[in-house]
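These notes are about the structure you will find just below.
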Amino acid sequence: MPELRIIDLRSDTVTKPTPEMREAMFRAEVGDDVYGDDPTVNKLEEMAAEKVGKEAAVFVPTGTMGNQTSIMAWTSRGDEIIVEEQAHIYMYEVGGPAVLSGVQVRPIRGRLGVMDPADVKAAIRAPNIHFPKTTVVCIENTHNRSGGCVVPLDNMKAIYEVAHEAGVKVHLDGARVFNAAIALGVDVKEITQYCDSVQFCLSKGLCAPMGSIVAGPKDFIARVRKYRKLLGGGMRQVGVVAAAGIVALTKMVDRLAEDHANAKRLAEGINKIPGLAVEMETVQTNMVAVHTRGLAMDGPDFQKLMKSYGVLFNADLPYRVRMVTHHDVTAADIDEALERIAYAVKNR
Ligand code: TLP
């Protein structure tokens with residue numbers, strides 16, 4: 650039997666750098682970035698800060714380091730930070746806030762990743778000798794665990810206002826903030842105006858091989874830069890990768906709409922397969938959360954079954970799997986994946 654072509658829907662992190670990125674990487678002018686000498690990194694940082702409407706920006710190796718250095722830079726030991734209870738910062742960053750910042754995390758239940766501003770307000774601590782001090786509220790847009798749902802602008806605004814009234818900062822985990830901007834049909838600044846700091850990833854749907862940006866006020870970015878060094882993230886001739894980041898920011902944002910259309914196509918196709926279900930309300934960007942209970946098969950077993958047919962995805966709840974569309978899967982790949990899934994489910 651000929652080998653099956655792999656259709657990889659595990660994450661948009663699997664995207665490979667485009668030929669234009671590889672060319673830009675080859676030609677990049679570089680210097681020692683710890684001395685501030687790398688012209689390509691400096692250009693990327695300036696461009697990124699401008700793009701999200703902030704004073705300054707710093708290039709970090711990963712989204713996790715971007716979020717964690719931001720929390721380190723906003724908080725003091727013993728503070729409390731508010732997060733949505735399914736947030737990446739809370740679920741998937743290895744307890745970073747406790748380990749690195751010595752802060753306590755206060756999770757709040759959201760609906761599809763969206764927190765109620767009244768709940769945020771109620772969770773902000775009043776001054777009291779017994780209480781930790783609330784210093785940061787984190788919002789995640791798009792929200793990963795809800796299946797890539799978008800946090801609406803009016804909700805972000807309301808949370809920003811509630812936080813600021815209490816002297817609390819807002820950090821945006823905007824790993825996929827450009828997906829949110831495309832889905833909302835707005836410039837990304839419309840979103841980032843409602844946060845004090847933002848982390849966004851160049852290495853997900855935007856296809857760069859690595860790297861994230863943290864943007865915010867100048868003095869905050871200076872602290873983030875120092876914490877990046879502390880964590881071993883002071884890189885040297887890293888213009889080689891920043892060059893791909895510049896292509897990511899300038900050329901790869903608008904095409905995210907294709908990934909969103911492919912996610913809809915995938916979700917609609919899945920809903921035609923008996924035993925599988927997707928809530929269409931949650932299909933807002935490039936993720937599809939597929940429920941497997943109707944197959945009487947749990948997520949990991951369904952994942953294993955489809956792996957044998959060359960379709961890869963992750964199981965993220967006992968009876969749910971996550972499929973992510975991205976640059977390296979086409980509409981034809983989606984149709985092929987649907988055919989394989991329908992066949993595998995029927996013949997299992
Ligand atoms: N998310 C990854 C996994 O870690 C789950 C994925 O495949 O979706 N914030 C959000 C909202 C993220 O989704 C991620 C990565 C990060 C931060 C961390 O970025 P990296 O992986 O660059 O540290």
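Quick note on the numbering used here: the sequence shown kicks off at 650 and runs consecutively. A virtual CB, placed ideally from N, CA and C, is assigned to each residue, including glycine.
Query raised in the report: Is I808 closer than 8 Å to I788 when the C-beta atoms are compared?
Result: Taking the first residue of the sequence shown as 1, we reach residue 788 at position 139. Taking the first residue of the sequence shown as 1, we reach residue 808 at position 159. For the pair I788 and I808, the CB atoms are nearer than the 8 Å cut-off.
Query - Any non-hydrogen atom of the ligand TLP closer than 7 Å to Y992 Cβ - result: Looking up residue 992 in the sequence shown gives position 343. Between the ligand TLP and the CB of Y992, the shortest heavy atom gap is not smaller than 7 Å.
Query - Cβ shell of K763 (< 6 Å), same chain only, five flanking positions each side left out - result: Locating residue 763 in the sequence shown gives position 114, where the first residue counts as 1. The amino acid at residue 763 is misidentified as Lys; the sequence shows Val. Around V763: V800, N804.
Query raised in the report: Can you name the start and end residues of the alpha helix (DSSP H) that E814 belongs to?
Result: Within the sequence shown, numbered from 1, the residue matching residue 814 stands at position 165. 802–814 is the span of the alpha helix (DSSP H), which, as asked, contains E814.
Query raised in the report: Closer than 7 Å: is that where the CB of T974 sits relative to any heavy atom of the ligand MG?
Result: Annotation note on the ligand MG: not contained in the displayed structure, which lists the ligand TLP as its ligands.
Requested in this report: Mind reading off the beta-carbon distance from M696 to V889? Whole number of angstroms is fine, and I expect it under 8 Å.
Outcome: As a working note, residue 696 is residue 47 in the sequence shown. As a working note, residue 889 is residue 240 in the sequence shown. Under the criterion of beta carbons closer than 8 Å, M696 and V889 do not qualify as touching, at roughly 17 Å.
Query raised in the report: Taking the continuous alpha helix (DSSP H) assigned at G865, which residues delimit it?
Result: Your numbering for residue 865 matches position 216 in the sequence shown. In the DSSP assignment, G865 falls outside any alpha helix (DSSP H) and within the unbroken beta strand (DSSP E) covering 861–865.
Query raised in the report: Whole alpha helix (DSSP H) runs in the segment 661–700 with 4 or more residues, listed along the chain?
Result: Fully enclosed alpha helix (DSSP H) runs of 4 or longer: 668–676, 688–700.
Report task. Out of E985, A981, L944, point me to the one whose CA is closest to R997's CA. Result -> For the purposes of this step, residue 997 is taken as residue 348 along the sequence shown, with counting starting at 1. With distances taken between Cα atoms, R997 lies closest to L944.
Query raised in the report: Where are the beta strand (DSSP E) runs, 3 residues long or more, that stay fully inside the segment 708–741, in chain order?
Result: Counting whole runs of 3 or more residues, the segment 708–741 contains the beta strand (DSSP E) stretches 729–733.
Report task. Could you check what DSSP says for T974 in three-state terms: helix, strand or coil? Result -> By one-based count along the sequence shown, residue 974 stands at place 325. Coil.
Query raised in the report: If you measure from the CB of H813, is any heavy atom of the ligand TLP nearer than 7 Å?
Result: The residue you call residue 813 lines up with position 164 of the sequence shown. Not so, every heavy atom of the ligand TLP lies at least 7 Å from the Cβ.
Query raised in the report: C850: beta carbon under 7 Å from a heavy atom of the ligand TLP?
Result: Stepping through the sequence shown from its first residue, residue 850 is reached at position 201. At least one heavy atom of the ligand TLP is nearer than 7 Å to the Cβ of C850, so yes.
**Report entry** F849 and A722 closer than 8 Å at C-beta
**Finding:** For the purposes of this step, residue 849 is identified with residue 200 of the sequence shown, where counting begins at 1. For the purposes of this step, residue 722 is identified with residue 73 of the sequence shown, where counting begins at 1. Using a Cβ distance threshold of 8 Å, F849 and A722 do not count as a contacting pair.
Report task. Kindly identify the DSSP beta-bridge partner or partners of K818. Result -> What you label residue 818 is simply residue 169 of the sequence shown in a count that begins at 1. Residue pairing of K818 in beta bridges, as defined by DSSP: V785.
Query raised in the report: Any idea if P668 is buried or exposed, counting beta-carbon neighbours within 10 angstroms, 16 or more meaning buried?
Result: Start at 1 with the first residue of the sequence shown, and residue 668 comes out as number 19. The residue is exposed, with fewer than 16 neighbouring Cβ atoms inside 10 Å.
Query raised in the report: From T711 to Q952, what distance separates their C-alpha atoms?
Result: What you label residue 711 is simply residue 62 of the sequence shown in a count that begins at 1. What you label residue 952 is simply residue 303 of the sequence shown in a count that begins at 1. Their Cα atoms are separated by approximately 27 Å.
Query raised in the report: Rounded C-beta distance between V909 and I831? I'm assuming under 8 Å.
Result: Taking the sequence shown and counting its residues from 1, one reaches residue 909 at position 260. Taking the sequence shown and counting its residues from 1, one reaches residue 831 at position 182. According to the sequence shown, residue 909 is His rather than Val. Taking a contact as a CB-CB distance under 8 Å, the pair H909 and I831 counts as one, their CB atoms being some 7 Å apart.
Requested in this report: Report the residue from P866, E814, T934, V732 whose alpha carbon sits nearest the alpha carbon of R825.
Outcome: Indexing the sequence shown from 1 puts residue 825 at position 176. That would be T934, whose Cα lies nearest to the Cα of R825.
Query raised in the report: Should Y741 be listed as close to the ligand TLP, given that the test is whether its C-beta is under 7 Å from any heavy atom?
Result: Residue numbering aside, residue 741 sits at position 92 when the sequence shown is read from its first letter. The answer is yes for Y741.
Requested in this report: Determine, using beta carbons only, whether K913 and V932 come nearer to each other than 8 Å.
Outcome: Against the sequence shown, residue 913 aligns to sequence position 264. Against the sequence shown, residue 932 aligns to sequence position 283. Yes, these two residues count as a Cβ contact at 8 Å.
Requested in this report: Decide if the segment 970–977 is in contact with the segment 653–665; the criterion is three or more beta carbon pairs, one per stretch, under 8 Å apart.
Outcome: Yes: at least three Cβ pairs fall under 8 Å.
Query raised in the report: DSSP on L961, reduced to helix/strand/coil?
Result: For the purposes of this step, residue 961 is taken as residue 312 along the sequence shown, with counting starting at 1. Strand, per DSSP.
**Report entry** Length of the line joining the Cα atoms of G823 and T724
**Finding:** Here residue 823 refers to the residue found at position 174 of the sequence shown. Here residue 724 refers to the residue found at position 75 of the sequence shown. Note on geometry: alpha-carbon atoms of G823 and T724 lie some 19 Å from one another.
Query raised in the report: Residue range of the beta strand (DSSP E) that P756 falls in?
Result: In the sequence shown, residue 756 corresponds to position 107, counting from 1. Segment 753–757, the beta strand (DSSP E) holding P756.
Query raised in the report: Can at least three beta-carbon pairs, one atom from the segment 733–750 and one from the segment 845–861, be found at a separation below 8 Å?
Result: Too few Cβ pairs lie closer than 8 Å, so no.
Query - Top-ranked residue by Cα proximity to G924, from A892, A991, N911 - result: Position 275 of the sequence shown, counting from 1, holds the residue named residue 924. With distances taken between Cα atoms, G924 lies closest to A991.
Query raised in the report: Hey, would you say the C-beta of A824 is under 7 Å away from at least one heavy atom of the ligand TLP?
Result: For the purposes of this step, residue 824 is taken as residue 175 along the sequence shown, with counting starting at 1. Yes, the ligand TLP has a heavy atom inside 7 Å of this Cβ.
Requested in this report: Note down the Cα distance separating N911 from A767, rounded to an integer number of angstroms.
Outcome: Counting from 1 along the sequence shown, the entry for residue 911 is found at position 262. Counting from 1 along the sequence shown, the entry for residue 767 is found at position 118. Inter-residue distance for N911 and A767 is about 36 Å (C-alpha atoms, whole angstroms).
Requested in this report: Let me know if L898 comes out buried or exposed under the rule of 16 or more other beta-carbons within 10 Å of its beta-carbon.
Outcome: In the sequence shown, counting from the first residue as 1, residue 898 sits at position 249. The residue is buried, with at least 16 neighbouring Cβ atoms inside 10 Å.
Query raised in the report: Among residues of its own chain, excluding the 5 on either side of L851, which ones have a beta-carbon nearer than 6 Å to its beta-carbon?
Result: The residue labelled residue 851 in the question sits at position 202 within the sequence shown. Closer than 6 Å at Cβ, skipping near neighbours: A857, G860, G894, A897.
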